[in-house]
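Counting from -9, one number per residue, gives the positions in the sequence shown under my numbering. C-beta: ideal position from N, C-alpha, C; glycine also. Working notes for the structure below.
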Amino acid sequence: MVKPCFVQLEKALRTSLTSMLNQLDILPSIDQTLFPRYTYFRRIKKMPMDAPAVALISKELNHYLPVRIDQIYQPFSDEILFCGYGSGSDFKLLISLNASFGRFHLISELSKENLPVPGSFCHLLRKYFSSSKLIAIEAVPFERISKFTFEVYNETSGITKRYLLVELTAKSSNLVVCDDNLIIIDAWRRVAPRKPEEREISAGIKYELPTTGGRWRPVTVTEEQFKALFDQLPPEVTLERFFLKHWYGLSALSINEITRSAGFTPTTVCKNILEQDYSKMFNALNAWSQAVAQSDFNPTCLMDESGKATDCSALPIHFPPAQSRIQPIAELQQAIAAIYHERHVASRFKEAKLNLIKKINIHSEKIHTKLVKQEAEANTADRGDSLRIAGELLTTYGFQIPKGSSKTSLVNHYDPEAKEIEIILNPALSPHANAQVYFKKYQKAKKGQIAIALQIAKTKEVFDYLESIEVMAQNAVNMSDLQLVSEELDQNDTAKKFKTPAVKKFAKKEKPVEPRQFKTPAGHTILVGRNNIQNDRLTFKIADPGDWWFHTQKIPGSHVILRPQPGIPVDDESLNYACQLATYFSKGRQSTKVPVDYTQRKNVKKPPAAKPGFVIYDFFKTAIITPDLDLLISLGIPKPG
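In C-alpha cells, the structure reads:
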C-alpha cells in the first residue's frame, strides 16, 4: 500500500528537479534512466490546440453564427458550456481550461452530469451572457487566444458589446470577461503580477495580451536574428528544446514538420547543424509562419493502424510518425472533439481514481496508527500475571512480613529458578489487604486485556477491509467501477465520515452495474465482483449452490464465480481461467505463485455482522497460480499500454 507521505515526498522532489532542469536548459542531455518519467512526459506531450488550430477553429465556428445563448452550464470544475440556437440548429460550445486538454469546440450531446453547485464564475457568465447573441469569434494571430464577441441588451444604452477572451495557455489558461472597451469585468483566474513584466488581470483595468516570456513569435523574427539566437545556444540543446523554449505558439507536431522539412529531426542536437544549414531551418520556420499568417489551412488528422485519430493539425502533415497515416478532414474542431473526448474521459478517470486511492490510503494510515497504539497498550496490559503472582505470594507468605512495611522481597515459587521478586506495599494496609489490592488490579488488567484484544481484532478487521477497498479501486477500469467503490465507502460505517463526492459527480447515474463477465473456451461463464458489496451479491444472490467460488488465499481481491454450462462438465482449463481472473483482480496481480482457494458456492458462508465481502469457507482446494498475461488477454482483459 502506498503511503501518502512517500507520494508527497516524491512529488516535491520531482517538482524541485523539474524546476532546476528547466533553469539549466539541459533537459535533452539527461540520462533517461536517472529521470525516466519526466523525460518521457516531455517527449510525448501533444498540444493539438496550438496557435494555428485556435485560428482555424475560430474561423470554422464563425460559420455557425450568429447564435442566441440560452443556457450556460459548468459540467466540470474547468469547463464551461454555452448552449443556444442559431442557423437552424442547436449550438453547444464547450470551452475547457484543463491544463493538459485546453480547447474549445462544438459537441453533439449535453453531459448528463454537471457540478451540483456551479462555481461563482459560471454565475457571472450567466449574468453577463444569458440571452446574449454570439456574433463573432476571432483568433489573435500567433496566440492560443480567441476573442468571442457578444451582443447584449443594456437597459441604459440599448444593444452593446461584451467580449469573452479565451486563453488556452496550459496551466495559466483563463477566461476574461470584458466590456465594449475591453475593460476587464472579471476573470476565471485573477492575476496579481509578481514581476514588472507580468500583466495584471483584475476588474477595472484594460485587457492586454500575455507577454511571450522572452520567446519570439515566428512571424516577427528576421533571418539575422534567427542565426544570432542559434549561435548563442548551449551545445547540448536539441531543435525540439530550442523551439519550445524560444518560440511562441508551436506544438510538438508543428516542430516535427518544421525540422523535418529542413532535413533534420526534433532530436537533432543544435551543435551538429552547420552554419550554412541555418538558412534551411529559418526558411522552414518562415514557410510555416507564412502559412499561418495567410490562413492557408488544410486540416489533417493522424490515424493509427486501427483507424483511430491520434493527433491533428490545422496545417498539412507531410512527415507522419511511424505506423500512422494521414487523413484530410472537413473541420478541425470535429477532430479535436473526437480526439479529446477519449483523452478527457481517461484523464478524468485517472484523476478520480488517484484521488479515491489517496483518500483510502489516508484513512488506512489513521487506522494503522490506531492499531499500533492499541498493540502497545496490549503489551502494557500483559503484566496482569505478575499482579496475580504478587497477590498469591502475599497471601502465602504474609505472616512473614512486618506490619507497616512499604515493600518486601519474596521467593517466587512459580519461577523454576526460585528467584526473589520485590513487591511494593501500602504501609497503611495489612499484608492480606495488600494482596487483595493486587488481586483487584489483576482482575482489572485481565478485563483490560480482553477489551483491548477485542479492539485490536476490530481495528484489524477495519484495516483489512480498507485494504480490500483499495484493491477494488486499483482494479477499477471506468467511472462506474469507481462509483461502486465510492458508494460502498459512503454506505459503510467504517467510513461514514469519509465521503467521496468527487467520484460521484463524474459518473453517470444509470442502471446498476453488473459483475464483470467472461467466457471460457468450453462455454462456461465466469463472473467477477467489482466491489465488496457486489461480491456479496454475486456470491449469495446470483451464484447457485453448485457453482464454483474462487478467491485468493489471505489476499484482498474480488469474488469469482464459475457458472458451468448445463450439460458440460467443468474442465481443468476452465478452472485455471477462473483462478487466473481471481489472481488478476486481487492485490496479488503483480506477484508470482499466488495461492487461490476454490470450492463450491454451497461451502461459502457469511458470518453475522461481517464486513461486506468477508466470508468463511471449507472443503476447499488450493491452486498456485502465476498470472498469464496472454491467457488473460484472450479472455478480454485489456492489453497493458
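Rounded separation between residue i and residue j - CA only
i    : j    : result
L571 : D620 : 12 Å
S147 : D169 : 13 Å
T612 : K436 : 39 Å
E457 : T398 : 51 Å
D618 : P602 : 29 Å
S337 : M469 : 11 Å
V167 : Y197 : 9 Å
L55  : L344 : 41 Å
K360 : T449 : 8 Å
N566 : A342 : 33 Å
T150 : R207 : 33 Å
D480 : L474 : 10 Å
M271 : I245 : 11 Å
R315 : L100 : 32 Å
Y574 : V461 : 11 Å
Q324 : P598 : 56 Å
D294 : Q313 : 6 Å
Under the three-state DSSP convention, the category residue i falls into
i    : result
S476 : helix
I545 : coil
F540 : strand
T258 : coil
A126 : strand
L240 : coil
K393 : coil
R189 : coil
T300 : strand
E50  : helix
L415 : coil
P200 : coil
A685 : Limits of the chain in this structure are -9 at one end and 631 at the other, which puts residue 685 out of reach.
T612 : strand
Y409 : It should be noted that the sequence gives Lys, not Tyr, for residue 409. Coil.
Y404 : coil
R591 : helix
H308 : coil
T510 : coil
F530 : helix
First through last residue of the alpha helix (DSSP H) which encompasses residue i
i    : result
F450 : The residue asked about is misnamed: residue 450 is Lys in this sequence, not Phe. Counting along the chain, the alpha helix (DSSP H) containing K450 begins and ends at P421 to N465.
H236 : L229 to H236
P379 : Rather than Pro, the amino acid found at residue 379 in this sequence is Ile. Taken as a continuous stretch (DSSP letters only), the alpha helix (DSSP H) holding I379 covers G374 to Y387.
R527 : N522 to R527
H113 : S110 to F119
D562 : D562 to Y574
D620 : L619 to L625
For residue i, the nearest candidate out of the options (CA to CA)
i    : options                   : result
E635 : K298, A533, K151 and S354 : Given a span of -9 to 631 for the chain in the structure shown, any question on residue 635 remains unanswerable.
K595 : I551, D526, Q364 and V107 : D526
P554 : I440, P392 and I516       : I516
N369 : S163, G74 and A441        : A441
I623 : F508, E69 and Y268        : F508
A129 : G109, L154 and F119       : L154
K393 : K363, N424 and F610       : N424
S110 : R179, A89, I97 and E133   : R179
L322 : A41, V605, G626 and T616  : A41
S269 : A218, D286 and I558       : A218
Any C-beta of chain D under 9 Å from that of residue i
i    : result
I307 : This model lacks chain D altogether; it includes just one protein chain.
Continuous beta strand (DSSP E) stretch holding residue i: start and end
i    : result
I85  : S79 to S86
D60  : V57 to Y63
N144 : I135 to N144
Y268 : Not the beta strand (DSSP E): Y268 falls in the alpha helix (DSSP H), residues Y268 to A283.
Q215 : That residue, Q215, is in no beta strand (DSSP E); its alpha helix (DSSP H) goes E213 to D221.
D176 : I174 to A177
V166 : N164 to C168
K151 : G148 to E157
Short Cβ contact (9 Å threshold) for residue i with residue j
i    : j    : result
I632 : C112 : The chain is shown from -9 up to 631; residue 632 falls before or after that span and cannot be answered.
I127 : L199 : no
I326 : H95  : yes
K123 : E141 : yes
S163 : N262 : no
I350 : A463 : yes
L229 : D176 : no
F540 : V584 : no
F72  : F66  : no
Y432 : L472 : no
L234 : I307 : no
T201 : E188 : yes
H236 : G204 : yes
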